[in-house]
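Here the structure comes first, spelled out in structure tokens, and everything after it is commentary.
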Amino acid sequence: MRPVYLDNNATTRVDPDVVRAMLPYFTDQFGNPSSTHAFGASVGAAIKKARRQLQALIGAQFDDEITFTSGGTEGDNAAILSALELTPDRTEIVTSAVEHPAVLTLCAHLEQVRRVKVHTIPVDRRGRLDLDAYKAALSPRVAVVSVMWANNETGTIFPVAKLAELAKEIGALFHTDAVQAVGKLPMDLKSTAIDMLSLSGHKLHGPKGIGALWIKRGVHFRSMIKGGHQQHGRRAGTENTPGIVGLGTAAELALKFMDDATTRVKSLRDRLEDGILQRIPNTCVTGDPMERLPNTANISFEHTESDGIPHLLSRVGIACSSGSACTSGSMEPSHVLSAMKMPHGAVRFSFARDNNEEDVERVLEVMPAIVEKLRDSPGSGPYGRSPEDVLSGPYLSGSRTGCRS
Ligand SMILES: *Cc1c(COP(=O)(O)O)cnc(C)c1O
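Quick note: the sequence shown, position 54, residue 54 per the UniProt record's numbering, numbers continuous.
Below is the structure:
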């Protein structure tokens, strides 16, 4: 049976058209884009094309606003570090409690070693940013605000355009980690006050290890990576040409499939959510019910340990993820769900354009039995039987139907 992949917020399948576009850049088109001879020129043109493809996807005004990076993590680090370095008289950062570790770990580090003051804005139980706390944290001491466009775990969308306007009023730069939003939401950056935006190739059916930082024209930027003059001195190091071409192609495809992402993919997600809520008692959808990515379902199952469900689903060929981080063998709720004061037991299903209705049906078919067994068996774990106990039971050894009794 075809495996069902519903973990697209972790990474996506590289689109075959992306692979096809990349291949020549591993073979004939091997030139260094900085070379002035023909070998370099054609590769340089390919990089320029990729910039234009990205520009179209995010609604940037100029293609030279795009700097290629190694991915989302580098973009996040580069934007925040640049802002701090360029405004030494401003020593504060504003961010949210639910950012990706690429932002939060950097902020914690800066707090420790550089005595930067970090304002970590809380969220409510639906994952919405506390706007009053946000406004209160803004002052002329703030160098940069870094707030994500959409959350990777719950899909909750932050009102970044509005947040950027507020940051602008106090003269702070506004950076957004849009790794989860790019390709899933239509964007028109030129009409916003956002100054910098990070994106990543492998979250939009492009290759891993490539991303981009968009820096609005007029915004100063200083790279932490010192070296050659590549990419207008904004990112030293010979360009990852195949990756860049792959990212450009992925961006073009994402634009082409934008309608699909916001309609068909969303309806698959909604069907899964409705199906689970109808079939399984004591479940709820986590995150902002309105302002949410069209592809992400984060569902909380009372009285289950969050790792139990993904573990059992994986045994029947279904990939999703738990809202937990495994630390030294014990499952701890993720920082995102903790910030939302949500208890254990959340499972994230994240869709993409390569999913179909059969995937949803497969999950709905097996979920009730899995949850029932994890819940009602008094066993080893605090909430019920361990995955191993359940796996040895009739459900997985026997037929897929009729195991609910
Ligand atoms: C995946 C992800 C990142 C990291 O991107 P990489 O390209 O893997 O470094 C950053 N932020 C968010 C919200 C993500 O989902």
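All C-beta atoms in this analysis are idealised placements derived from N, C-alpha and C, irrespective of residue type, glycine included.
Bridge partner(s) assigned by DSSP for residue 119: Here residue 119 is taken as the residue at index 119 of the sequence shown, counted from 1. Beta-bridge pairing links residue 119 to 94.
Assess contact between the segment 251-259 and the segment 100-114, defined as three or more Cβ pairs (one per stretch) separated by less than 8 angstroms. Is contact present? no
Distance, Cα to Cα, residue 384 vs residue 137? Here residue 384 corresponds to residue number 384 of the sequence shown, with the count starting at 1. Here residue 137 corresponds to residue number 137 of the sequence shown, with the count starting at 1. Bear in mind that a pLDDT of 46 at residue 384, under 50, signals an unreliable position, so the model cannot answer this.
So if DSSP puts residue 185 in a beta bridge, which residue, or which two residues, is it bridged to? Numbered from 1 along the sequence shown, position 185 holds the residue referred to as residue 185. Partner(s): 182.
Taking C-alpha atoms, which residue in 177, 318, 274 lies nearest to residue 2? Within the sequence shown, residue 2 is the residue found at index 2, counting from 1. Ranking the options by Cα distance to residue 2, first place goes to 318.
Do residue 375 and residue 304 have their beta-carbon atoms positioned less than 9 angstroms apart in this structure? Locating residue 304 in the sequence shown gives position 304, where the first residue counts as 1. Locating residue 375 in the sequence shown gives position 375, where the first residue counts as 1. Contact: yes.
Counting only the same chain and skipping the five closest in sequence on each side, list residues whose C-beta sits under 6 angstroms from that of residue 15. Counting from one through the sequence shown, the residue named residue 15 turns up at place 15. Closer than 6 angstroms at the Cβ level, and outside the excluded window around residue 15, lie 205, 253.
Check whether the Cβ atoms of residue 108 and residue 118 sit closer than 9 angstroms, and answer yes or no. As a first step, residue 108 must be located in the sequence shown, where it is residue number 108. As a first step, residue 118 must be located in the sequence shown, where it is residue number 118. Yes; because the gap between Cβ atoms is below 9 angstroms, this pair is in contact.
Terminal residues of the continuous alpha helix (DSSP H) containing residue 241? Working through the sequence shown from its first residue, we reach residue 241 at position 241. Per DSSP, residue 241 belongs to the alpha helix (DSSP H) from 241-256.
Measure the alpha-carbon distance for residue 290 versus residue 210 and round it to whole angstroms. Your numbering for residue 290 matches position 290 in the sequence shown. Your numbering for residue 210 matches position 210 in the sequence shown. If you take the alpha carbons of residue 290 and residue 210, they lie about 31 angstroms apart.
Presumed contact (8 angstroms Cβ cut-off) between residue 178 and residue 197, rounded CB distance: For this step, residue 178 is matched to residue 178 along the sequence shown. For this step, residue 197 is matched to residue 197 along the sequence shown. So it is a contact: roughly 5 angstroms between Cβ atoms.
From the DSSP output, read off the bridge partner residues of residue 67. Along the sequence shown, read from residue 1 onward, the residue named residue 67 stands at position 67. According to DSSP, which records beta bridges pairwise, residue 67 is partnered with 213.
Would you mind stating whether residue 154 and residue 362 have Cβ atoms separated by less than 9 angstroms? Within the sequence shown, the letter at position 154 stands for residue 154. Within the sequence shown, the letter at position 362 stands for residue 362. No, these two residues do not count as a Cβ contact at 9 angstroms.
Supposed close pair residue 183, residue 57 - CB separation, criterion 8 angstroms: Here residue 183 refers to the residue found at position 183 of the sequence shown. Here residue 57 refers to the residue found at position 57 of the sequence shown. At roughly 7 angstroms, the Cβ-Cβ gap stays under 8 angstroms, so residue 183 and residue 57 are in contact.
In chain order, what are the residue ranges of uninterrupted alpha helix (DSSP H) at least 4 long that sit wholly in the segment 266-302? The segment 266-302 contains no whole alpha helix (DSSP H) run of 4 or more residues.
With a cut-off of 8 angstroms, do at least 3 Cβ pairs link the segment 185-204 to the segment 224-233? In short, these stretches do not touch, since the Cβ pair count stays below three.
Nearest-angstrom Cβ-Cβ length linking residue 294 and residue 315, presumed shorter than 8 angstroms: Locating residue 294 in the sequence shown gives position 294, where the first residue counts as 1. Locating residue 315 in the sequence shown gives position 315, where the first residue counts as 1. That belief does not hold up - the Cβ atoms of residue 294 and residue 315 are roughly 29 angstroms apart, past 8 angstroms.
Give the straight-line distance between the Cα atoms of residue 114 and residue 85, rounded to the nearest whole angstrom. Taking the sequence shown and counting its residues from 1, the one referred to as residue 114 is at position 114. Taking the sequence shown and counting its residues from 1, the one referred to as residue 85 is at position 85. Straight-line Cα distance between these residues: approximately 11 angstroms.
So residue 376 is in the beta strand (DSSP E); what residue range does that whole segment cover? Within the sequence shown, numbered from 1, the residue matching residue 376 stands at position 376. No beta strand (DSSP E) holds residue 376; the alpha helix (DSSP H) holding it covers 357-376.
From the DSSP output, which residues share a beta bridge with residue 7? Stepping through the sequence shown from its first residue, residue 7 is reached at position 7. Note: residue 7 sits in a beta bridge opposite 350.
Boundaries of the alpha helix (DSSP H) in which residue 232 is found, first to last residue: Position 232 of the sequence shown, counting from 1, holds the residue named residue 232. Annotation: residue 232 is outside any alpha helix (DSSP H) and is labelled neither H nor E by DSSP.
Should residue 410 be listed as close to ligand 1, given that the test is whether its C-beta is under 8 angstroms from any heavy atom? Look at the range of the chain in this structure, 1 to 405, and you will see that residue 410 is not part of it.
Rounded to whole angstroms, what's the CA-CA distance from residue 365 to residue 4? Just pull it up for me. Within the sequence shown, residue 365 is the residue found at index 365, counting from 1. Within the sequence shown, residue 4 is the residue found at index 4, counting from 1. About 13 angstroms.
Backbone secondary structure at residue 198 - three-state DSSP: Counting from one through the sequence shown, the residue named residue 198 turns up at place 198. Residue state, collapsed to three classes: strand.
What would DSSP say about residue 205, mapped onto helix, strand or coil? Counting from one through the sequence shown, the residue named residue 205 turns up at place 205. Residue 205: coil per DSSP, three-state reduction.
Thinking C-beta only, is residue 83 closer than 9 angstroms to residue 175? Here residue 175 corresponds to residue number 175 of the sequence shown, with the count starting at 1. Here residue 83 corresponds to residue number 83 of the sequence shown, with the count starting at 1. Result yes, Cβ atoms of residue 175 and residue 83 sit closer than 9 angstroms.
Hey, how far is the Cα of residue 213 from the Cα of residue 116? Within the sequence shown, the letter at position 213 stands for residue 213. Within the sequence shown, the letter at position 116 stands for residue 116. C-alpha separation (whole angstroms): 23 angstroms.
Going by DSSP in three states, residue 319 sits in which element: helix, strand or coil? By one-based count along the sequence shown, residue 319 stands at place 319. Three-state result, residue 319: strand.
Please report the residue range of the beta strand (DSSP E) in which residue 56 lies. If you number the sequence shown from 1, residue 56 lands on position 56. Careful: residue 56 lies outside any beta strand (DSSP E), inside the alpha helix (DSSP H) at 38-58.
CB of residue 156 to nearest heavy atom of ligand 1: below 8 angstroms? Translated into the one-based positions of the sequence shown, residue 156 becomes position 156. No, the beta carbon of residue 156 sits no closer than 8 angstroms to any heavy atom of ligand 1.
Ordered along the chain, which non-local residues of its own chain (more than five positions away) have a Cβ less than 7 angstroms from that of residue 33? Counting from one through the sequence shown, the residue named residue 33 turns up at place 33. If we look at residue 33 and ignore the five residues flanking it on each side, its Cβ neighbours are 40, 43, 44, 47, 239, 241.
Under the DSSP definition of a beta bridge, which residues are partnered with residue 159? By one-based count along the sequence shown, residue 159 stands at place 159. Paired residues: none, contrary to the question.
Could you pull the start and end residues of the beta strand (DSSP E) that residue 145 belongs to? Walking along the sequence shown from the start, residue 145 turns up at place 145. First-last of the beta strand (DSSP E) with residue 145: 142-146.
Can you check whether the CB of residue 236 is closer than 9 angstroms to the CB of residue 228? To locate residue 228, count along the sequence shown from 1; it is residue 228. To locate residue 236, count along the sequence shown from 1; it is residue 236. Contact: yes.
Where does residue 382 land, buried or exposed, given buried means 16+ other C-beta within 10 angstroms? Within the sequence shown, the letter at position 382 stands for residue 382. Interpretation of residue 382 is limited by its pLDDT of 45, a score under 50 that renders its predicted location unreliable; no figure is taken from the coordinates.
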